[in-house]
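Asks: Before I ask anything, here is the structure I am working with.
2 protein chains.
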Amino acid sequence: MTVWDRPEPPTRPVPLDRERIVAAAVALADEGGLAAVSLRKVAARLDVGPMRLYGYISTKEDLFDLMVDEVQAELLPEERPGDWREALSGLAHRTRRAALRHEWLADLLGGRPALGPNGLAVAEATLAAFDGLADIDTAMRAVETVSAYFTGAIRREVARLRAERATGLSERDWQRAAGPYMTRMLATGRFPALAKAVHDGTDVDPETSFAAGLDWVLDAVAAGLAAPPA
Amino acid sequence: MTVWDRPEPPTRPVPLDRERIVAAAVALADEGGLAAVSLRKVAARLDVGPMRLYGYISTKEDLFDLMVDEVQAELLPEERPGDWREALSGLAHRTRRAALRHEWLADLLGGRPALGPNGLAVAEATLAAFDGLADIDTAMRAVETVSAYFTGAIRREVARLRAERATGLSERDWQRAAGPYMTRMLATGRFPALAKAVHDGTDVDPETSFAAGLDWVLDAVAAGLAAPPA
DNA sequence: CTCATGTCGATACACCGTATTTTACTGTTA
DNA sequence: TAACAGTAAAATACGGTGTATCGACATGAG
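Top line first, the protein sequences correspond to chains A and B. Sequential numbering from 1 applies to the first sequence in this note's numbering. Sequential numbering from 231 applies to the second sequence in this note's numbering.
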């Protein structure tokens with residue numbers, strides 16, 4: 001009975017690990033948004049039955065948490081920031097860019113505590129920037145205030161981006177001319193300030209306005225650090 | 231042919247309107263979170279077939295938009311605010327309280343442009359608070375910065391609340407003692423600043439820390455208003 | 001009274017997350 | 001070496017989802 005007689009044994013199951021699972025999920029989300037991530041599709045992309053995944057995650061939410069943590073690796077500064085302001089500003093901009101690369105991140109941002117290893121590393125690096133500059137409570141307040149800002153700002157920016165993509169018009173153009181509903185609403189005269197804003201407002205690019213708001217908030221944090229801790 | 235011969239005519243379909251649909255959806259969401267809102271359940275609660283709803287909304291997203299707009303009615307100030315700071319601060323706190331009453335709002339907050347009638351009214355009232363105090367671009371920047379802050383802050387607060395509810399422990403207690411994963415991570419020594427924060431940080435109640443961050447941001451806006459428009 | 005119209009309900013489809021059962025293979029022991 | 005126990009994977013199954021389609025039917029027009 002030579003080797004040639006015996007049939008090749010059935011292929012052993014594809015080896016799997018969280019890394020591969022998360023990578024597949026991220027790829028799907030990058031291509032088609034969070035809604036395109038289903039356990040079945042993730043599994044299919046790995047040539048595996050859907051139930052295989054439950055050895056590595058116990059719920060779909062778990063998968064989302066892993067995806068967020070995966071992307072948070074992109075948020076660590078490349079080199080040690082010079083001061084707290086640079087640290088927070090850098091984090092804000094990196095998060096924003098990550099969310100533009102992976103729009104689904106905007107849907108998840110702030111939705112659950114980020115306790116994965118990368119999330120913790122980001123928190124650590126950020127908090128550490130305040131070492132010796134402020135008491136812990138103040139440092140935490142600073143970090144939380146700034147991240148609340150950029151979470152909200154990024155969500156709004158992505159929301160607008162999607163709306164624009166869906167209508168094919170910039171929000172401003174749409175309000176100004178093409179959106180019949182909006183035109184009608186503004187024409188009622190019930191929203192004079194809004195109408196003026198739509199009509200006379202300058203169209204600034206999103207990055208600039210993100211940075212402008214961020215600078216205000218960072219200024220506020222600076223003032224808060226200077227003030228005596230309450 | 232007496233009345234008794236003729237069968238009673240079939241009951242006319244239940245009259246329906248968006249108001250009733252949205253109310254049913256909000257009730258479901260209040261009870262069981264956004265996930266508990268399905269078109270079938272909404273329809274069932276109105277004694278109606280699921281497809282009936284498609285006369286009033288054309289997609290589930292539409293329903294969410296209507297729900298958000300519905301709740302935004304709760305965000306209008308009861309009386310005309312004295313100044314812009316009061317206007318923004320009031321809006322922030324009302325939004326926070328609305329999100330604590332309707333936790334699902336946190337999931338939707340900032341997720342899509344809010345263009346419903348109530349959303350527009352809120353925007354109008356808020357923008358109007360800057361009438362005569364700043365050029366439109368500055369006013370918009372102020373409003374957007376503050377609302378980015380409270381969007382992010384509210385999301386985080388609700389996220390924590392849920393996590394605490396799920397584990398039965400406050401985040402701090404959990405990190406400090408009971409969460410084996412967190413304990414292990416902090417014990418690695420890779421997160422000294424974080425460990426210190428968890429260990430030595432003061433536990434402030436959420437409303438206070440929301441208000442504190444908000445005050446910082448409002449201070450920053452005040453400074454931005456004072457500065458000459460770039 | 002008949003017919004066109006448009007609305008409503010039922011049915012159907014494709015997909016979802018996940019529990020449960022079945023299968024197939026491994027390594028262990030007689 | 002043969003039977004077996006244990007385990008990991010696969011298949012199947014269940015109860016749900018959003019929404020398209022289609023047939024029935026009440027209503028208003030001629």
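We put the beta carbon where it would ideally sit given N, CA and C, even for glycine. Owing to the predicted nature of the structure, the values given are computational and were not obtained by experimental measurement.
Taking the CB atoms as reference points, tell me whether Y54/A and R18/A lie closer together than 8 Å.
Replies: Taking 8 Å as the Cβ cut-off, Y54/A and R18/A do not qualify as a contacting pair.
Asks: For the alpha helix (DSSP H) that contains M370/B, what are its first and last residues?
Replies: Counting along the chain, the alpha helix (DSSP H) containing M370/B begins and ends at I366 to T397.
Asks: Just checking my contact of A99/A with V158/A at CB under 8 Å: how many whole Å lie between their CB atoms?
Replies: Contact flag correct, Cβ pair sits at about 6 Å.
Asks: Alpha carbon to alpha carbon, what distance is there between D449/B and D466/B?
Replies: Residue 466/B falls outside the range modelled here, since chain B spans only 231 to 460, and no answer is possible.
Asks: Taking C-alpha atoms, which residue in V42/A, A106/A, A148/A and G33/A lies nearest to A24/A?
Replies: Considering only alpha carbons, the answer is V42/A.
Asks: Cα separation between E207/A and F150/A?
Replies: Whole-angstrom Cα-Cα distance: 12 Å.
Asks: Under 8 Å between C-beta atoms, does W4/A make it to chain B?
Replies: Note that W4/A scores a pLDDT of 49, beneath 50, so its modelled location is shaky and nothing firm can be said.
Asks: Strictly below 7 Å CB to CB, what residues from chain A border M415/B?
Replies: The contacting residues are L120.
Asks: Are the C-beta of D137/A and some C-beta of chain B separated by less than 8 Å?
Replies: Cβ-Cβ to chain B under 8 Å: yes for D137/A.
Asks: Along the segment 418-429 of chain B, where does the CB come closer than 8 Å to a CB of chain A? Name the residues.
Replies: Taking 8 Å as the Cβ-Cβ cut-off against chain A, the residues of the segment 418-429 of chain B that qualify are R420, F421, P422, A423, L424, K426 and A427.
Asks: Check the C-beta distance from P311/B over to A359/B and give it rounded, since I have them as a contact under 8 Å.
Replies: Yes, they are in contact, since the Cβ atoms of P311/B and A359/B sit about 6 Å apart, within 8 Å.
Asks: Do you know whose CA, among E333/B, L293/B and S319/B, lies nearest E261/B's CA?
Replies: Closest option to E261/B, Cα to Cα, is E333/B.
Asks: Compare the Cα-Cα distances from V26/A to each of D69/A, V48/A and V14/A and report the closest residue.
Replies: Nearest option by C-alpha distance: D69/A.
Asks: Is the CB-CB distance between G382/B and S147/A below 8 Å?
Replies: For G382/B and S147/A, yes; Cβs fall inside 8 Å.
Asks: Pairing CB atoms from the segment 103-123 of chain A with CB atoms from the segment 409-423 of chain B, are three or more of them under 8 Å?
Replies: Yes: at least three Cβ pairs fall under 8 Å.
Asks: Could you check which residue in L105/A, L225/A, A36/A and A187/A has the C-alpha nearest to that of V71/A?
Replies: Selected option, being the one with the closest Cα: L105/A.
Asks: Write down the C-beta distance between L108/A and F64/A rounded to the nearest angstrom, noting that I regard them as a contact closer than 8 Å.
Replies: L108/A to F64/A, Cβ: 6 Å. Contact.
Asks: Nearest-angstrom Cα distance between L357/B and M370/B?
Replies: Approximately 7 Å, taken between the alpha carbons.
Asks: Counting contacts by CB-CB distance shorter than 8 Å, is M51/A in contact with chain B?
Replies: Output row for M51/A: interface = no.
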